[in-house]
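What follows is a single structure, written as C-alpha coordinates, with notes after it.
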Amino acid sequence: MQSLLELFHSLTNPEWIMAHGGLYIVVFIIFAETGLFAGFFLPGDSLLFITGMIIANTVSPDVAPVLNLLYWLVLISAAAIIGNYVGYWFGKRSGEVLMKRKDSWLFKKKYLIQAKEFYEKKGGGAIMIARFLPVVRTFAPIVAGMVNMDKKKFSLYNILGAVIWAGSIVTAGFWLGKYDWVKENLDKIIIGIVVITTAPVLIKMIAGRKKKDPLPADQINS
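In terms of the working numbering, the sequence shown is residues -12 to 209.
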(Lines of atoms letter the chains of each structure in order from A and count residues from 1; the text may use other names and numbers.)
(Lines give C-alpha, C1' and ligand atoms only; values in the text may rest on other atoms or scores of the structure.)
Protein backbone atom coordinates (compact mmCIF):
# COMPACT_ATOMS: atom_id res chain seq x y z
CA MET A 1 0.00 0.00 0.00
CA GLN A 2 2.82 2.38 0.85
CA SER A 3 4.42 1.71 -2.53
CA LEU A 4 1.15 2.51 -4.30
CA LEU A 5 0.81 5.79 -2.42
CA GLU A 6 4.36 6.73 -3.33
CA LEU A 7 3.70 5.88 -6.98
CA PHE A 8 0.50 7.93 -6.97
CA HIS A 9 2.36 10.88 -5.46
CA SER A 10 5.10 10.60 -8.07
CA LEU A 11 2.65 10.41 -10.96
CA THR A 12 0.91 13.58 -9.77
CA ASN A 13 4.18 15.50 -9.50
CA PRO A 14 4.97 17.45 -12.72
CA GLU A 15 8.68 17.60 -11.90
CA TRP A 16 8.89 13.82 -11.41
CA ILE A 17 7.06 13.21 -14.68
CA MET A 18 9.41 15.44 -16.67
CA ALA A 19 12.44 13.80 -15.04
CA HIS A 20 11.26 10.25 -15.84
CA GLY A 21 10.40 10.19 -19.52
CA GLY A 22 8.33 13.35 -19.79
CA LEU A 23 4.86 13.16 -21.27
CA TYR A 24 5.68 9.92 -23.07
CA ILE A 25 5.37 8.19 -19.71
CA VAL A 26 1.88 9.69 -19.48
CA VAL A 27 1.00 8.11 -22.83
CA PHE A 28 2.13 4.71 -21.55
CA ILE A 29 0.26 5.06 -18.25
CA ILE A 30 -2.99 6.00 -20.01
CA PHE A 31 -2.61 2.88 -22.14
CA ALA A 32 -1.89 0.74 -19.06
CA GLU A 33 -4.86 2.09 -17.10
CA THR A 34 -7.31 1.48 -19.95
CA GLY A 35 -5.80 -1.69 -21.37
CA LEU A 36 -4.42 -3.74 -18.46
CA PHE A 37 -6.69 -4.82 -15.58
CA ALA A 38 -3.74 -4.44 -13.19
CA GLY A 39 -3.65 -0.71 -14.02
CA PHE A 40 -7.00 0.15 -12.44
CA PHE A 41 -5.31 2.03 -9.58
CA LEU A 42 -3.45 4.51 -11.83
CA PRO A 43 -4.53 8.19 -11.53
CA GLY A 44 -5.73 8.79 -15.10
CA ASP A 45 -7.88 11.90 -14.56
CA SER A 46 -5.36 13.70 -12.36
CA LEU A 47 -2.56 12.76 -14.71
CA LEU A 48 -4.39 14.21 -17.71
CA PHE A 49 -4.98 17.50 -15.91
CA ILE A 50 -1.33 17.73 -14.92
CA THR A 51 -0.35 16.92 -18.51
CA GLY A 52 -2.31 19.96 -19.67
CA MET A 53 -0.48 22.09 -17.11
CA ILE A 54 2.90 20.82 -18.26
CA ILE A 55 2.06 21.57 -21.88
CA ALA A 56 0.88 25.09 -20.99
CA ASN A 57 4.11 25.84 -19.16
CA THR A 58 6.46 24.29 -21.72
CA VAL A 59 8.10 26.99 -23.79
CA SER A 60 9.38 25.92 -27.19
CA PRO A 61 10.64 28.36 -29.84
CA ASP A 62 9.86 25.88 -32.61
CA VAL A 63 6.33 24.76 -31.69
CA ALA A 64 3.32 26.91 -30.79
CA PRO A 65 1.63 25.91 -27.49
CA VAL A 66 -1.66 25.03 -29.20
CA LEU A 67 0.09 22.78 -31.75
CA ASN A 68 1.99 21.14 -28.91
CA LEU A 69 -1.35 20.56 -27.15
CA LEU A 70 -2.85 18.95 -30.26
CA TYR A 71 0.19 16.72 -30.69
CA TRP A 72 -0.11 15.28 -27.18
CA LEU A 73 -3.89 15.01 -27.41
CA VAL A 74 -3.52 12.81 -30.47
CA LEU A 75 -0.95 10.57 -28.76
CA ILE A 76 -2.89 10.30 -25.49
CA SER A 77 -6.21 9.66 -27.26
CA ALA A 78 -4.55 6.98 -29.39
CA ALA A 79 -3.12 5.32 -26.27
CA ALA A 80 -6.56 5.31 -24.63
CA ILE A 81 -8.19 3.89 -27.78
CA ILE A 82 -5.59 1.15 -28.19
CA GLY A 83 -5.80 0.37 -24.48
CA ASN A 84 -9.54 -0.24 -24.72
CA TYR A 85 -9.06 -2.47 -27.74
CA VAL A 86 -6.56 -4.54 -25.73
CA GLY A 87 -9.08 -4.77 -22.88
CA TYR A 88 -11.84 -5.78 -25.31
CA TRP A 89 -9.64 -8.48 -26.86
CA PHE A 90 -8.57 -9.71 -23.42
CA GLY A 91 -12.18 -9.95 -22.25
CA LYS A 92 -13.22 -11.83 -25.35
CA ARG A 93 -10.38 -14.32 -25.03
CA SER A 94 -10.41 -14.95 -21.29
CA GLY A 95 -13.81 -13.82 -19.97
CA GLU A 96 -14.85 -17.21 -18.62
CA VAL A 97 -11.46 -17.76 -17.02
CA LEU A 98 -11.61 -14.36 -15.28
CA MET A 99 -15.05 -15.04 -13.78
CA LYS A 100 -13.78 -18.32 -12.33
CA ARG A 101 -10.52 -16.84 -11.06
CA LYS A 102 -10.02 -16.37 -7.32
CA ASP A 103 -9.61 -12.89 -5.90
CA SER A 104 -6.09 -11.62 -5.37
CA TRP A 105 -4.40 -8.38 -4.35
CA LEU A 106 -4.48 -7.05 -7.92
CA PHE A 107 -7.65 -8.73 -9.15
CA LYS A 108 -11.11 -8.51 -7.61
CA LYS A 109 -14.02 -10.28 -9.29
CA LYS A 110 -16.40 -7.64 -7.89
CA TYR A 111 -14.84 -5.04 -10.19
CA LEU A 112 -15.84 -7.10 -13.21
CA ILE A 113 -19.33 -7.63 -11.83
CA GLN A 114 -19.77 -3.90 -11.14
CA ALA A 115 -18.56 -3.03 -14.62
CA LYS A 116 -20.93 -5.61 -16.12
CA GLU A 117 -23.91 -4.18 -14.21
CA PHE A 118 -22.91 -0.66 -15.26
CA TYR A 119 -22.57 -1.78 -18.88
CA GLU A 120 -25.95 -3.56 -18.92
CA LYS A 121 -27.66 -0.48 -17.48
CA LYS A 122 -26.07 2.11 -19.77
CA GLY A 123 -25.61 0.04 -22.94
CA GLY A 124 -23.00 1.09 -25.48
CA GLY A 125 -22.77 4.54 -23.92
CA ALA A 126 -21.18 2.88 -20.89
CA ILE A 127 -17.91 2.72 -22.83
CA MET A 128 -17.95 6.53 -23.10
CA ILE A 129 -19.22 7.23 -19.59
CA ALA A 130 -16.75 4.75 -18.08
CA ARG A 131 -13.86 6.90 -19.33
CA PHE A 132 -14.64 9.37 -16.55
CA LEU A 133 -14.96 6.73 -13.80
CA PRO A 134 -11.80 5.31 -12.18
CA VAL A 135 -11.67 1.48 -11.94
CA VAL A 136 -14.79 1.17 -14.12
CA ARG A 137 -12.93 2.49 -17.18
CA THR A 138 -10.37 -0.29 -16.78
CA PHE A 139 -12.93 -3.09 -16.70
CA ALA A 140 -15.64 -1.73 -19.04
CA PRO A 141 -13.84 -2.78 -22.26
CA ILE A 142 -13.03 -6.18 -20.75
CA VAL A 143 -16.72 -6.70 -19.99
CA ALA A 144 -17.63 -5.49 -23.51
CA GLY A 145 -15.41 -8.25 -24.86
CA MET A 146 -16.88 -10.80 -22.47
CA VAL A 147 -20.44 -10.09 -23.67
CA ASN A 148 -19.33 -10.00 -27.34
CA MET A 149 -20.31 -6.38 -27.98
CA ASP A 150 -20.42 -5.58 -31.69
CA LYS A 151 -16.93 -4.46 -32.79
CA LYS A 152 -18.17 -1.53 -34.87
CA LYS A 153 -20.34 -0.28 -32.03
CA PHE A 154 -17.52 -0.71 -29.55
CA SER A 155 -15.10 1.12 -31.85
CA LEU A 156 -17.45 4.09 -32.19
CA TYR A 157 -17.91 4.56 -28.44
CA ASN A 158 -14.27 3.74 -27.77
CA ILE A 159 -12.96 6.45 -30.09
CA LEU A 160 -15.52 9.08 -29.08
CA GLY A 161 -14.98 8.38 -25.38
CA ALA A 162 -11.20 8.57 -25.61
CA VAL A 163 -11.21 11.85 -27.56
CA ILE A 164 -13.77 13.50 -25.25
CA TRP A 165 -12.09 12.24 -22.05
CA ALA A 166 -8.54 13.19 -22.98
CA GLY A 167 -9.55 16.33 -24.84
CA SER A 168 -11.66 17.81 -22.05
CA ILE A 169 -9.37 17.14 -19.08
CA VAL A 170 -6.04 17.88 -20.78
CA THR A 171 -7.45 21.07 -22.30
CA ALA A 172 -8.80 22.13 -18.89
CA GLY A 173 -5.34 21.65 -17.41
CA PHE A 174 -3.82 23.53 -20.36
CA TRP A 175 -5.96 26.65 -19.90
CA LEU A 176 -6.08 26.66 -16.09
CA GLY A 177 -2.45 25.64 -15.67
CA LYS A 178 -1.29 29.09 -16.72
CA TYR A 179 -2.56 30.63 -13.49
CA ASP A 180 -0.34 30.83 -10.42
CA TRP A 181 -3.24 29.95 -8.12
CA VAL A 182 -3.63 26.58 -9.86
CA LYS A 183 0.11 25.86 -9.61
CA GLU A 184 0.19 26.81 -5.92
CA ASN A 185 -2.86 24.69 -5.08
CA LEU A 186 -2.20 21.69 -7.30
CA ASP A 187 -2.40 19.22 -4.41
CA LYS A 188 -5.88 20.46 -3.47
CA ILE A 189 -7.03 20.37 -7.08
CA ILE A 190 -5.82 16.78 -7.48
CA ILE A 191 -7.65 15.75 -4.31
CA GLY A 192 -10.77 17.45 -5.66
CA ILE A 193 -10.48 15.60 -8.97
CA VAL A 194 -10.03 12.28 -7.16
CA VAL A 195 -13.06 12.92 -4.94
CA ILE A 196 -15.30 14.01 -7.83
CA THR A 197 -14.36 11.11 -10.09
CA THR A 198 -14.41 8.36 -7.47
CA ALA A 199 -17.58 9.49 -5.67
CA PRO A 200 -19.98 7.79 -8.16
CA VAL A 201 -18.06 4.52 -7.88
CA LEU A 202 -17.99 4.61 -4.07
CA ILE A 203 -21.68 5.54 -3.86
CA LYS A 204 -22.60 2.63 -6.13
CA MET A 205 -20.50 0.21 -4.07
CA ILE A 206 -22.05 1.37 -0.78
CA ALA A 207 -25.58 1.32 -2.22
CA GLY A 208 -24.98 -2.19 -3.58
CA ARG A 209 -23.86 -3.46 -0.18
CA LYS A 210 -26.91 -1.97 1.54
CA LYS A 211 -29.22 -3.73 -0.90
CA LYS A 212 -27.52 -7.06 -0.25
CA ASP A 213 -27.47 -6.71 3.55
CA PRO A 214 -30.64 -8.30 5.01
CA LEU A 215 -32.58 -6.44 7.68
CA PRO A 216 -32.20 -7.68 11.27
CA ALA A 217 -34.99 -9.92 12.47
CA ASP A 218 -36.22 -7.35 15.04
CA GLN A 219 -36.64 -4.75 12.27
CA ILE A 220 -38.49 -7.18 9.99
CA ASN A 221 -40.96 -8.03 12.75
CA SER A 222 -41.45 -4.44 13.90
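Even glycine gets a Cβ: it sits at the ideal position worked out from N, Cα and C.
Of all alpha-carbon atoms in 173, 155, 178 and 146, the one lying nearest the alpha-carbon of residue 71 is that of 146.
Taking the CA atoms as reference points, residue 55 sits about 29 Å from residue 141. Between the segment 119 to 137 and the segment 163 to 177 there are fewer than three inter-stretch CB-CB distances shorter than 8 Å, so the stretches are not counted as touching. Below 8 Å, too few C-beta pairs join the segment 71 to 87 and the segment 150 to 166 to call them touching: fewer than three.
Burial is judged here by how many other beta carbons sit within 10 angstroms of a residue's own beta carbon; residue 98 has at least 16 and is buried. When DSSP states are grouped into helix, strand and coil, residue 77 belongs to the helix group.
The segment 33 to 47 makes contact with the segment -4 to 9, as at least three CB pairs between them are under 8 Å. Inside the segment 99 to 187, DSSP marks whole alpha helix (DSSP H) runs of 4 or more residues at positions 112 to 117, 123 to 133, 138 to 163 and 167 to 171, from first to last along the chain.
In terms of CA proximity to residue 53, 159 leads the group 149, 25, 176 and 159.
A distance below 6 Å between beta-carbons, with the five flanking residues on each side excluded, links residue 111 to the following residues of its chain, in chain order: 140 and 144. Check the Cα spacing between residue 114 and each of 6, 166, 84 and 68: the tightest is with 68. Going by DSSP, residue 1 is part of the alpha helix (DSSP H) stretching over 1 to 6. Put simply, the backbone Cα of residue 131 is about 18 Å away from that of residue 26. For residue 28, the number of other beta carbons within 10 angstroms of its own is below 16, and it is reported as exposed.
Each residue's CA atom was taken as its position, placing residue 183 and residue 175 some 12 Å apart.
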